[in-house]
Amino acid sequence: MTRRVGWTLAGALPLAFLGIFFTWPVATLVARGFFPDGVFTLAGFQQVFSEDRTWRVIGTTLAQAAAGTVVAVLLGVPGAWVLHRTRFPGRWLVRAVVTIPFVLPSVVVGVAFKSLVISTGPLGHLGLDRSFAIIVASLVFFNYALVVRTVGALWASLDPRTEQAASVLGASPTRVFLTVTLRALFPAIASAAALVFLFCASAYGVVMVLGGAGYGTIETEIWFLTTQLLDLTGAAALSIVQLVVVGASLIVANRLQATQARAQRMRTDSSNESPWRFRRDIGPTLLTAAVVLGLLLFPMSTLVIRSLTTASGLGLDHYSNLATTGGGTLSVPVWEAVGNSLRTATVATVLALVLGLLVSLVVSRNPRNELGRRGLGLLDAAFMLPLGVSAVTVGFGFLITLNRPPLDLRSSMVLVPIAQAIVALPLVVRVLLPVLRAIDPRLREAAAVLGASPGKVLRDVDLAFLTRGLGLATGFAFATSLGEFGATSFLARPDEPTLPVVVFRLIGRPGLENQGMGMAAAVLLAVGCALVMALAERMRPEEATTW
Amino acid sequence: MPTIRRTTLALAAAAVGSLALASCVAAPATTSTPDAPGATPAGTTAATRAPANNGKLTVVTHDSFNLSEELLDTFKSDSGLDVTFVAPGDTGTLTNQLVLTKDSPLGDVVFGIDNTFAGRALDEGIVAPYEATTIPAADADALQADDSNRLTPIDFGDVCLNADTAWFESNGKAIPETLDDLVKPEYKDLLVVSNPASSSPGLAFLTATVGAKGEGWVDYWTQLKDNGVLVAKDWTEAYSVQFSGSTGKGPRPLVLSYSTSPAFEVVDGAAPTQSLLGTCFRQVEYAGVIEGAANPEGAGQFIEFLLSPEVQADIPGQMYMYPAVRATELPEEWVKFAPLSDNPHTVPADEIAAKRDGWIRTWTSTVVG
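Protein chains in written order, with our numbering: chain A, 1 to 547; chain B, 548 to 916.
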């Protein structure tokens, strides 16, 4: 009985957090759209759905998200193999580099990609400007690491003996991969795909820059209707569409996972990594190298070049300017913004980790009845919603809900890490859950039979396996809050800016000094992210390793 | 049955948890102390006169708000107020957030509502009357939004096209001067503007064309479109990616920006760009006491602070706008390279308020489809 209460509480705390800082604000704002003058009306729906543009926008959103997800998965799975199952010198660096796009503010990525494809850019002759391909490329740029890391984390802990057995029994390498490995990886792939889909469906700044005028998604329409027109009826109708899209994609992901999720043989050491071997690894390695060099580093290099370009050739002037307020464009020197960013991100990471750990542990339980399993599925999906719902809806929702004591938080700094934690939380869950689900329940049962208390089982079984995922989850959570801009921009404090806010500000000003300094600040952000990810990787407690 | 009971339990626990969480989260915000409690006479009077606001002031601004840290610190210590700044977005987002929160005001004083959204702010009654004393009457009248003294002008600037002068020189073309020039065949495919649906300068330029062409603005945009105008998402894409005269070295030598932008491109005492003063819209940024403010007095103090000579002189370097107090001395580079337009295109604030949304929708279907 006490155990049941314990688990209920473990689920209730994160739910309360989500309820207050997401569900309530969103529901209240959407409700305003349906009761514009206190009377319920579907006029907004009729108006929105009678416009051709709406249907085009829905189609664009789905096409963009589906294409982005498929390509990210196709490229990411070989990347996961190379970066998580083979050993080669400098691997830690490549792993860190692939995560950088995750923190880059979309305004900077928009500039980087657009500069490549406009007629005067290095890829100008390819006619990629305003093409669907370049939009998909930018979406893969942002989300590649999610697939590589989520799939890689599980792949690295899979016991290779199952594969070895299949191959001893005469299966060809392809057959082993398709029938054993891929099936074992399926939960992680589905999990990553769901995340990527939501990120792609709600992408905003970059797709608008790359798609050109007229390119619209559900997200861009909601932004326009809400912030510029305050047309809450129209925005509410589109928010419902957004929720339906998000809900449907989560149901699909959940089904896929449920059919395939089963206990795997896992190990907590990394002995199943093997040194890089030419014949086996050359294919995936070439593909991964092409992605890392061509899709990730090439666009990023334009930022580095811009950050180094001064009036008198190349130089580090913009970097030394980071110690200043940029001749007055900023209210504080950039290093102070770095301090703000680190502080906020630390709080957000702790919040996201604690809550995400609770959610993952609860969701990974295996209730005996169907209702319980359904309930856990819903719980899992609930925490994914914030990724697919517009930051604008959440931000404006905050204004009309968190406006009275004891929750008058609208001008309070604490909302920033909270908003970031809500975005980081589902990432934490996606990283931890596949690892937890893959633990053979017999391990826990065996421990219990041998007399271990529930707390000890949790510590010695669940947490032991989690350690690897935990480092990654910490890295992702930290990187997410470092780079988060959508929700943060509504809560920004001009006198206490974070690093992405500083970048946004500098890049919005004319003159080489401001632009160059903005790019230098973005490069600083990128390097910081790479460092954090490299460190997080090393965060593995001794007892979880065998050497 | 057990599941239902468990759900109830979960809900109860959620409620308890939420309250506990809320109170510990809210704590730091409510216990913050003023920098120098009662250190200055101004501080003591503010605190004793308005006990309801506990000596706090919340300033709501647009996301370009910026002043020297020393000035802000001086204001904080002189007034004795515990000042919080919030900057939720551009001028449109800012105004609409204030409209949305009319029943429970977001703060005490707002800065950054411009004349494209001023009419909306006035119609919706989100700002209260306030008679500013620090601005000369003539300057205030020249920039006023209406005659109700609810919005006080703080700064202004001209949104104008900019030209890459070197490009025009090397291509042997005259730099265009008027809106009419832009639709001529020799300027085909040269202009990039930002989208009025997603950018404040874009909206300002659309308004300029309405001011210049009246009902004929839709025809004018059709001609611009036929002449190859490129629409960028925002100022950043237009200016730093597509424009040939700045860091991006893009393909387009004509860009929508500000009349002050050339001053920031100066290299070795010469500006490689110039603004086209016949294409401008005058943008005015206002401050106002938010209706229902907890600390209207502090709000007034902040508006006077914005109009003080120190802040007015700080505005050009920080916010790239002209100070509303015209006697303020301007930076040297501005005198040389950032001239104002003699006859900017104008549209009254109330007309913009009434028609803005319709203009944007019509513009979208005409120009981008």
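For every residue, glycine included, the Cβ atom is placed at its ideal position computed from N, Cα and C.
query                                                                                                                         : result
Chain A contact residues for W714(B), given Cβ-Cβ distances below 7 Å                                                         : Neighbours of W714(B) on chain A: none; closest Cβ ~12 Å, over 7 Å.
Chain A contacts from the stretch 776-792 of chain B (Cβ-Cβ distance under 7 Å)                                               : V778, K780, W782, T783, E784, Y786, S787, V788, Q789
Sequence-distant residues of its chain with Cβ nearer than 6 Å to T54(A) (five each side left out)                            : V48
In chain order, each alpha helix (DSSP H) run of at least 4 residues that lies wholly inside the stretch 683-757 of chain B   : 684-690, 712-717
At least 3 beta-carbon pairs within less than 8 Å: the stretch 413-425 of chain A vs the stretch 339-349 of chain A           : yes
Neighbour-count burial assignment, D462(A), 16 or more Cβ in a 10 Å radius                                                    : buried
Delimiting residues of the beta strand (DSSP E) encompassing F632(B)                                                          : 629-636
E163(A), buried or exposed, once every other Cβ within 10 Å from all chains shown has been counted against 16                 : buried
Span separating the alpha-carbon of S548(A) from that of T826(B)                                                              : Any answer about residue 548(A) is impossible in this case: the structure gives chain A only from 1 up to 547.
Through-space distance from T233(A) to A194(A), alpha-carbon basis                                                            : 29 Å
Residues near M519(A) by beta carbon distance below 6 Å, same chain, minus five either side                                   : L303, R306, S307
Extent of the continuous alpha helix (DSSP H) run through A573(A)                                                             : Because chain A is modelled from 1 through 547, residue 573(A) falls outside the range shown and cannot be assessed.
L753(B) to P743(B) span [Cα, whole Å]                                                                                         : 7 Å
Option in I222(A), F465(A), A522(A), S341(A) with minimal Cα separation from S106(A)                                          : A522(A)
F102(A), DSSP secondary structure in three states                                                                             : helix
Contact set between the stretch 220-240 of chain A and chain B, restricted to residues whose Cβ is under 9 Å from the partner : T220, W223, F224, T226, T227, Q228, L229, L230, D231, L232
Backbone secondary structure at F658(B) - three-state DSSP                                                                    : strand
Distance CB(V140(A))-CB(L295(A)) smaller than 8 Å                                                                             : yes
Sub-8 Å separation of E832(B) and V674(B) beta-carbons                                                                        : no
At least 3 beta-carbon pairs within less than 8 Å: the stretch 855-866 of chain B vs the stretch 778-797 of chain B           : no
Beta-ladder partner(s) of Q821(B), from DSSP                                                                                  : A710(B)
Assigned exposure category for P275(A) - 16 Cβ within 10 Å defines buried                                                     : exposed
Beta-carbon separation (whole angstroms), A634(B) vs R505(A), contact threshold 8 Å                                           : That belief does not hold up - the Cβ atoms of A634(B) and R505(A) are roughly 10 Å apart, past 8 Å.
Candidates L801(B), A840(B), A665(B), S741(B): closest to A901(B) by CA position                                              : A665(B)
Contact with chain A by Q865(B), beta-carbon distance below 8 Å                                                               : yes
Check whether R95(A) and G212(A) have beta carbons under 8 Å apart                                                            : no
is_contact[A710(B), chain A] using C-beta, thresh 8 Å                                                                         : no
Range covered by the alpha helix (DSSP H) that runs through K917(B)                                                           : One cannot answer for residue 917(B) here, as it falls past the ends of chain B, which runs 548 to 916.
Which of helix, strand or coil DSSP assigns to E880(B)                                                                        : helix
Residue range of the unbroken beta strand (DSSP E) whose run includes A810(B)                                                 : It is not in any beta strand (DSSP E) - A810(B) carries neither H nor E in the DSSP assignment.
DSSP-derived helix/strand/coil call for R799(B)                                                                               : strand
E671(B), DSSP secondary structure in three states                                                                             : coil
For Q789(B) and V757(B), believed in contact at Cβ under 8 Å, the rounded distance                                            : Actually they are not in contact, since the Cβ atoms of V757(B) and Q789(B) sit about 24 Å apart, beyond 8 Å.
Same chain, Cβ closer than 7 Å to D637(B), five either side skipped, listed in chain order                                    : H609, D610, S747
Short-range partners of chain B found in the stretch 114-142 of chain A, where Cβ spacing is below 7 Å                        : K114, S115, I118, S119, T120
Neighbourhood of G76(A) by C-beta, 6 Å cutoff - its chain only, sequence neighbours within 5 removed                          : Y144, V147, V148
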